[in-house]
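Undergrad: Can you read through this structure? Questions will come right after.
Number of protein chains: 2
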Amino acid sequence: MSPATAPLAPSSASVIPTLPDFQAAAARLAGTAHRTPVQTSSSLDALSGATLFFKCENFQKGGAYKFRGAFNALRALPIEQSTRGVVTHSSGNHATCLTLAARLLGVPAHIVLPRNAPRIKQRAVADYGGHVTLCEPTLAARQAEASRIQAATGAAFIHPYDDSQVIAGQGTIALEMLEQVPNLEVLIAPVSGGGLLSGLCLAAKALAPHVEVWGAEPALADDAFRSLQEGRLLPNLNPATIADGLRASLSERTFGVIRQHARGIVTVSEEQILSTMRLVWERMKLVVEPSGVVPLAGLLAHAEKFRGRRVGIILTGGNVDLDRLPWQPAIDSQQRG
Amino acid sequence: MSPATAPLAPSSASVIPTLPDFQAAAARLAGTAHRTPVQTSSSLDALSGATLFFKCENFQKGGAYKFRGAFNALRALPIEQSTRGVVTHSSGNHATCLTLAARLLGVPAHIVLPRNAPRIKQRAVADYGGHVTLCEPTLAARQAEASRIQAATGAAFIHPYDDSQVIAGQGTIALEMLEQVPNLEVLIAPVSGGGLLSGLCLAAKALAPHVEVWGAEPALADDAFRSLQEGRLLPNLNPATIADGLRASLSERTFGVIRQHARGIVTVSEEQILSTMRLVWERMKLVVEPSGVVPLAGLLAHAEKFRGRRVGIILTGGNVDLDRLPWQPAIDSQQRG
C-alpha cells in the first residue's frame, strides 16, 4: 500500500500522537486487548550475545498487535460515527483485527479484498463476521471500492497505519514493555507502513528517551532503510518477500517520525527470515508468522549492534497457514505467489 | 515399554512418593527447571463450556515436562553414583530431557535407541551431547544393551516413569498449578506409563484432595482405560497412535496409584488428537506435540464431565518434526510408520 492511500483519512493525516494519546489508547484497550506476556530464552540469549525479552503479540486478540491500533481507532470515533461501522482495504492482519474489533463493539466491518487474496485471509475475515467485497487486484480498484462503501454506508475508513489513533494503539506495546522489563535498553520492531515503529518511537521518547528504537525489514522490502538513507520516501514496488505483513511502504507521517526518532533500520534476507522463524518455533515453541520474526532475524544478522544489551523484541503476530509452512520446499513457490 | 523393564531399577521399585518427596523435588528443580506459565484462551473456554488453565510444559527445558522427572532423579542420586552418569533406553522426550539434565550436571548420558528410531530423535540426543548406542528394535535388545552399558560404566539406569524420583519430579507440576490457579477443580494429564498422572494424583491428594485428577489417552493406546475397567494390567501391544509419547503402558506401581486416586480416564480418537492439535496451534499460537494435546482433546470429547468447572490442562511438550506436520495428508502415513 502506498502513501497515496492517505487522502482517504484526511481528518488526522498530519497528527502525531503524544503521551496522552498513548495513555488514552491504553485505557481504551484495558480489559479487551491482552496485556501479552514477555518471554525469555536462554538458548537465544546465548546465540545472540544479548539479553532478549520477547513481547508475545502472537497471543494478542486476533493473533496480532494490529488489534491494538484497530480497536483504539474504532473506540476513538465519535459514537454516532462508529455505529455506522468501519471500512478498510488491507488484506492482512489489520483487516481481521479491525473486523474483530468491530464485532466486539457490535458495529459492521466492510473489508475490501483483491480477488487474488489468499483464501485463508478471506475466510478469516468472514469467520469474524466481516462483510467482504472482492475487487480487482489494483490499489486504484481497492481505493475506489472502499470510497464507494464509505459513501454508501457512512462507515469510517480506518487506515492500517497512517492514522494517529492506530499509531497510538500500537505504541501501547512500549508502555507495557517498559513496565514488564526493568532497565530495557533497546526495542526492535518490524517496519512496513511504520505504524508500529513510529508508535514505539513516540511512546519510548516520552517515557524512556534512553531506549534505542530500531526497525527491522526484509531486504526485499527495504523502503524504510533506503528512505532514511536518501532522506526522502522511496516506496517498495511489489516486493516479493515471504514476510507478507511487511510489503507496505512508509507514509510521509510515519517516515517523519521514524527519521527523527528511530536509531536505525536493519535489513534481513529471505533465508534469515526462514531460519529465524524455524528457530523460534523449535526453541521457543511459539507459532509466529514470517513478519513476526524479522526483528529477531535482524538482531541475529547484526548482532554486533546489540551485544551485551537488554533488548525487547516484538513478536508481532502468529497468523500462519498451517497447511503450508514456508520452509517446506515443495510448496514454497505457491506461498510466495 | 512394558512393566518388564522395572527390574532394571529395583532399588525403588515399590516406593510411592509422598509430600516431602514432591517438596524435595521442587527444591532440586528450583532455578533450573522453568516454572512454566499458565495460559488461558477465551475461545477455547467458549468451545468447551469450562474455564481452562493451560500449563505450558512445552516451554519447559528440553521442550517437555519430562525434564522435571529426569533432573530430579539424577540430582537425587548419591554423588558418587551420579558422577558415573546415567543410562536409559527411551526413544522419546525422556531420553532428550535426561541427556540435557546430565549435561547441566556435567555427567555422561548413555541413550540406547532402536535402529529404526526417527532421525530427528537421534539428532536431538546427540545435539545435547548424549552418547547414542543403536540396537535392534526389540525391548529385549534395548534392555540387554542398557544392562551392558550399566555394567561397563557404572551408570545409573533411570526409568522413564517407573521410578519414585521421576514420579516426584513430574508431580511438581501440581504444586505449581495449585499456586498459579485459584480454586482449581480438575486436573487432566495424558497417561502413558503413568509417571506424570500418578505424580499429579499423589501431589494433589496431599495438598488439595478435592481436586479431581483425570487421565487422557488415545483410544489406540488405551491400556490405562482398559486396566482400570478390568482391575488388572492390560498393556498396549504395539499401539499405532500418532501420539508417539503415549505408546507405553502402566507399571504395577503407577497402575496402583492411578487405580486408587484418579477420578477416571477419557479416551480420544486419532482424528480428535489431530483436530485438537491444530486448534491449539491456530488459537493459542503454541507449538504442542500430538501427545501434549490429548488432555484437551479428552476434555472436548467428554465435555459434559467438565462443563462449568475450572480445569487445569497439562500441555506436556512441544517437540514436533516441523518438516512434517501430522495433518499434512501426503506425509501422514510416513509419520505414523
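Top to bottom, those sequences are chains A and B. Read in my numbering, the first sequence has 47 at position 47, and its numbers run on one by one without any break. If you count the second sequence from 1, you need to add 1000 to reach my numbering. Backbone N, C-alpha and C define an ideal beta-carbon position, used for all residues, glycine too. This one's a predicted model, so the numbers in the text were calculated from it and none came from an experiment.
1) What does L1322 of chain B touch in chain A if you count any residue whose Cβ is under 8 Å from its own?
2) Might you give, ordered along the chain, the residues of its own chain that have their beta carbon closer than 7 Å to the beta carbon of L1077 of chain B, omitting 5 neighbours on each side?
3) Going by DSSP in three states, V1186 of chain B sits in which element: helix, strand or coil?
4) Between B:G1292, B:L1325 and B:P1182, which has its C-alpha nearest V1311 of chain B's C-alpha?
5) Provide the residue(s) that pair with V1038 of chain B in DSSP beta bridges, ordered along the chain.
6) Output, in chain order, the set of chain A residues within a Cβ distance shorter than 8 Å of L1286 of chain B.
7) What residues are listed by DSSP as bridge partners for T267 of chain A?
8) Kindly list the residues whose CB is nearer than 7 Å to the CB of G339 of chain A, restricted to its own chain and excluding five residues on each side of it in sequence; keep chain order.
9) So is R115 of chain A buried or exposed if we call it buried at 16+ other beta carbons inside 10 Å?
10) Taking only beta-carbon atoms, is N58 of chain A less than 8 Å away from chain B?
11) When you compare only the Cα positions, how much space is there between K121 of chain A and Y128 of chain A?
12) Listed in chain order, which residues of the segment 34–50 of chain A have Cβ atoms closer than 7 Å to some Cβ of chain B?
13) Quick check: is the beta carbon of G256 of chain A nearer than 8 Å to any beta carbon in chain B?
14) Return the residues of the segment 293–322 of chain A that lie within a Cβ-Cβ distance of less than 8 Å from chain B, sorted by chain order.
15) Using only the alpha-carbon positions, how far apart do G1063 of chain B and N1319 of chain B sit?
16) Mind pulling the chain B residues with CB within less than 9 Å of Q63 of chain A?
17) Within its chain, find whatever has a CB closer than 6 Å to the CB of A1208 of chain B; leave out the 5 residues flanking it on each side and keep chain order.
18) Which ranges does the beta strand (DSSP E) cover as unbroken runs of at least 3 residues, wholly within the segment 299–333 of chain A, from first to last along the chain?
19) Report the rounded CA-to-CA distance for K1066 of chain B versus Q1170 of chain B, giving the unit in angstroms.
20) What span of residues does the alpha helix (DSSP H) with A1206 of chain B cover, start to end?
21) Buried or exposed: where does Q1334 of chain B fall if 16 or more other Cβ atoms within 10 Å of its Cβ makes it buried?
22) Take the Cβ of A1009 of chain B as the centre, count every other Cβ of all protein chains shown within 10 Å, and call the residue buried at 16 or more, exposed below.
23) Measuring straight from C-alpha to C-alpha, what distance separates D244 of chain A and P326 of chain A?
24) With a threshold of 7 Å on Cβ separation, who are the neighbours of R1259 of chain B within its own chain once the five nearest residues in sequence on each side are excluded?
25) Which residues in the same chain as C56 of chain A place their Cβ atom closer than 8 Å to its Cβ, once the five residues preceding and following it in sequence are excluded?
26) If we call anything under 8 Å between Cβ atoms a contact, is I1173 of chain B one with A1070 of chain B?
27) Tell me the DSSP secondary structure of A26 of chain A in three-state form.
28) Could you tell me the boundaries of the alpha helix (DSSP H) in which A1141 of chain B lies?
29) For I1188 of chain B versus G1298 of chain B, is the C-beta spacing smaller than 8 Å?
30) Can you tell which of A:S42, A:L29 and A:A33 has its C-alpha closest to the C-alpha of G1031 of chain B?
31) V87 of chain A and Q143 of chain A: beta carbons closer than 8 Å?
32) For L286 of chain A, which of helix, strand or coil comes out of DSSP?
33) Kindly identify the DSSP beta-bridge partner or partners of P1114 of chain B.
34) Is the distance from the Cβ of A126 of chain A to the Cβ of V132 of chain A below 8 Å?
TA: According to the data block:
1) Listed by position along chain A, the residues whose Cβ is nearer than 8 Å to that of L1322 of chain B are R278, W281, E282, L325 and W327.
2) Taking L1077 of chain B as the centre and dropping the five residues before and after it, the same chain places the C-beta of A1156 closer than 7 Å to its C-beta, in chain order.
3) Note: V1186 of chain B maps to strand in three-state DSSP.
4) Closest option to V1311 of chain B, Cα to Cα, is B:P1182.
5) V1038 of chain B is bridged to B:K1055.
6) Chain A residues near L1286 of chain B: K285, L286 and V287.
7) A:E217.
8) A query on residue 339 of chain A cannot be resolved here, the shown segment of chain A reaching from 1 to 337 and no further.
9) Taking a 10 Å sphere around the C-beta of R115 of chain A, we find fewer than 16 other C-beta atoms and assign the residue as exposed.
10) For N58 of chain A, the answer is yes, since a Cβ of chain B falls inside 8 Å of its Cβ.
11) So the two alpha carbons sit approximately 11 Å from each other.
12) Answer in chain order: P37.
13) Look at G256 of chain A: its C-beta is not under 8 Å from any C-beta on chain B.
14) Hits within the stretch, in order: G318 and L322.
15) Taking the straight line from one Cα to the other gives about 6 Å.
16) Sequence check: residue 63 of chain A is Gly here, not Gln. Neighbours of G63 of chain A in chain B, taken as residues whose beta carbon is under 9 Å from its own, are E1282, R1283 and K1285 in chain order.
17) So the list reads L1178, once near-sequence residues are dropped.
18) Taken in chain order, the whole beta strand (DSSP E) runs of length 3 or more contained in the segment 299–333 of chain A are 310–315.
19) Looking at the two C-alpha atoms, the distance is approximately 7 Å.
20) G1195 to L1207 is the span of the alpha helix (DSSP H), which, as asked, contains A1206 of chain B.
21) At Q1334 of chain B the pLDDT is 44, less than 50, meaning the model places this residue with poor confidence and gives no usable figure here.
22) Note that A1009 of chain B has pLDDT 43, beneath the 50 cutoff, so the model's placement of it is unreliable and the number below is only indicative. So A1009 of chain B counts as buried.
23) Distance between the alpha carbons of D244 of chain A and P326 of chain A: 11 Å.
24) Within the same chain, R1259 of chain B has close Cβ partners L1228.
25) Answer for C56 of chain A: T36, P37, V38, Q39, L286 and L315, listed in chain order.
26) It is not a contact, given that the beta carbons lie outside the stated cut-off.
27) Helix.
28) Membership of A1141 of chain B in the alpha helix (DSSP H) is indicated by the continuous run L1139 to T1153.
29) Judged by their CB atoms, I1188 of chain B and G1298 of chain B are nearer to each other than the 8 Å cut-off.
30) Checking every option, the nearest Cα to that of G1031 of chain B belongs to A:S42.
31) V87 of chain A places its beta carbon 8 Å or farther from that of Q143 of chain A.
32) Reduced to three states, the DSSP call for L286 of chain A is strand.
33) BP columns for P1114 of chain B point to B:C1135.
34) A contact, by the Cβ cut-off of 8 Å.
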